[in-house]
Ligand code: UT7
């Protein structure tokens with residue numbers, strides 16, 4: 003018995019925000035953003051577009067892509083740090099919108115590593131025999147918690163959703179997943195207010211504490227060591243050589259992190275997928291959006307080995323190795 007990724011999907015807002023647009027909003031330049039991050043444009047949700055809108059659209063595509071119906075899904079897991087509300091979960095909104103009935107549905111919080119954390123949970127559920135088929139979604143509308151007056155962060159983020167359907171199979175598709183965390187570094191990338199520690203008040207709003215705060219340099223340093231290390235570990239445990247990897251899809255945080263991680267792993271640059279130029283950093287959504295794009299472009303064939311790796315707030319980091327099998 004194995005677990006395969008039977009379907010993928012993604013959804014992005016229509017509105018495009020360019021570096022030139024940002025030049026008019028904060029003291030920055032297209033040149034700085036391009037050379038330091040690789041980002042040129044990002045998609046931004048409208049005021050009336052919550053995360054669930056994109057999650058639902060991505061889910062519909064993934065379920066159809068798997069040749070399934072919403073009724074075939076046994077559990078829904080949504081990874082996000084920008085849920086529609088603190089509660090109920092965005093997963094409950096997705097499952098009811100798609101008419102999935104009274105199946106279990108819940109959100110998880112693991113920032114940029116959220117999609118791989120969700121994959122780990124879904125994979126374990128299916129392997130244990132508890133459920134046959136899981137829908138996992140990484141979705142963010144980071145624009146809603148971005149401080150548009152802070153040039154250190156506002157140039158980096160974007161919105162969107164990606165989804166995957168995991169199901170039981172005779173074949174083995176998910177060859178390994180590793181997930182880690184280090185809560186001692188939580189304050190290097192976080193949103194201070196709006197939770198029980200610092201509930202929303204006039205004061206928290208005035209002090210701009212409902213926005214993402216990041217020590218970019220520190221996060222960068224950890225990302226470029228932790229991502230390649232965990233990717234190597236997942237490959238070693240699965241008994242797969244780096245040479246056998248057909249496509250490496252890292253979390254899209256910064257083109258310099260992507261290039262450095264690929265180099266440290268010794269993966270050919272043409273096998274490292276990047277779309278950060280167009281979409282920026284979409285946190286939990288970045289891996290499934292990139293995966294869906296690569297698949298849609300015909301870059302993934304049956305039996306290809308796909309390596310995924312992420313790093314983000316928490317700190318959290320994770321990697322997975324997947325053999326592409328659709329049957
Ligand atoms: O999703 C997972 C978590 N996130 C990440 O993995 C992001 C990790 N970090 C990064 O990608 C990079 O650290 C950044 C892109 C955020 C920053 O790049 P950097 O090369 O580390 O720049 P820096 O923070 O060291 O800042 C360099 C300079 C500073 O000026 P001074 O202090 O040297 O005078 C900043 O004030 O660049 C300045 N700066 C800007 N200048 C123009 C910072 N942001 C901007 C900006 N435009 N948007």
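Residue numbers (our numbering): 3 to 329. For each residue, glycine too, the CB sits at the ideal point set by N, CA and C.
Item	Value
What residue range does the alpha helix (DSSP H) around residue 290 cover?	288–298
With a threshold of 7 Å (Cβ to nearest heavy atom), would residue 351 be considered close to ligand 1?	Missing from the structure shown is residue 351; the chain here goes from 3 to 329 and no further.
Taking the C-alpha atoms as reference points, what is the distance between residue 106 and residue 27?	43 Å
Between the Cα of residue 162 and the Cα atoms of 249, 197 and 142, which residue gives the shortest distance?	142
What ranges does the beta strand (DSSP E) occupy inside the region 100–127, keeping only unbroken runs of at least 3 residues that lie completely in it?	107–110
When DSSP labels each residue in this structure, what does residue 9 get in the three-state scheme?	strand
Extract the residue ranges of the beta strand (DSSP E) inside the region 144–214, only unbroken runs of 3 or more that lie entirely within it.	161–171 and 176–183
Please confirm if the region 110–117 is in contact with the region 280–289, defined as three or more CB-CB distances below 8 Å between the two stretches.	yes
Could you name the residues that DSSP lists as bridge partners for residue 331?	Coverage of the chain is limited to positions 3 through 329, which leaves residue 331 absent and any answer about it impossible.
By Cβ distance, which residues of its chain are closer than 7 Å to residue 108, with the 5 residues on each side in sequence left out?	79, 91 and 93
Counting only the same chain and skipping the five closest in sequence on each side, list residues whose C-beta sits under 6 Å from that of residue 236.	178, 180, 321 and 323
Nearest chain D C-beta to residue 55 closer than 8 Å, yes or no?	In the structure shown, chain D does not exist; there is a single protein chain.
To the nearest angstrom, how far is it from the Cα of residue 122 to the Cα of residue 33?	39 Å
May I have a chain-ordered list of the beta strand (DSSP E) segments no shorter than 3 residues that lie completely inside the region 25–84?	43–45 and 77–81
Smallest Cα separation from residue 305: which of 290, 295, 291 and 326?	326
Are at least three pairs of beta-carbons, each pair with one atom in the region 188–208 and one in the region 62–80, less than 8 Å apart?	no
Using only the alpha-carbon positions, how far apart do residue 29 and residue 317 sit?	29 Å
Rounded to whole angstroms, what's the CA-CA distance from residue 254 to residue 233? Just pull it up for me.	15 Å
Say the cut is 7 Å; is the CB of residue 221 nearer than that to a heavy atom of ligand 1?	yes
Pull up the distance between the alpha-carbon of residue 216 and that of residue 319, whole angstroms please.	16 Å
To the nearest whole angstrom, what separates the beta carbons of residue 37 and residue 20, a pair I think is in contact under 8 Å?	With a Cβ gap of about 16 Å, residue 37 and residue 20 do not count as contacting.
Are residue 140 and residue 5 close, meaning C-beta to C-beta below 8 Å?	no
Do residue 96 and residue 41 have their beta-carbon atoms positioned less than 8 Å apart in this structure?	no
Nearest by alpha-carbon distance to residue 99: which of 128, 182 and 61 is it?	61
Kindly indicate which three-state DSSP category residue 317 falls into: helix, strand or coil?	coil
The alpha helix (DSSP H) with residue 259 in it runs from where to where?	257–267
So what does residue 283 bridge to, in DSSP terms?	159
What are the start and end residues of the alpha helix (DSSP H) that includes residue 230?	218–240
How is residue 251 classed by DSSP in three states: helix, strand or coil?	strand
Using a Cβ-Cβ cut-off of 7 Å (strictly less than) and excluding sequence neighbours within five positions of residue 31, which residues of its own chain qualify?	25
Beta carbon of residue 31: closer than 7 Å to some heavy atom of ligand 1?	yes
Skipping 5 residues on each side, what residues in its chain have a beta carbon closer than 6 Å to that of residue 256?	39
When burial is assigned at 16 or more other CB atoms within 10 Å of the CB, is residue 229 buried or exposed?	buried
Examine ligand 1 and report whether any of its heavy atoms sits within less than 7 Å of the Cβ of residue 157.	yes
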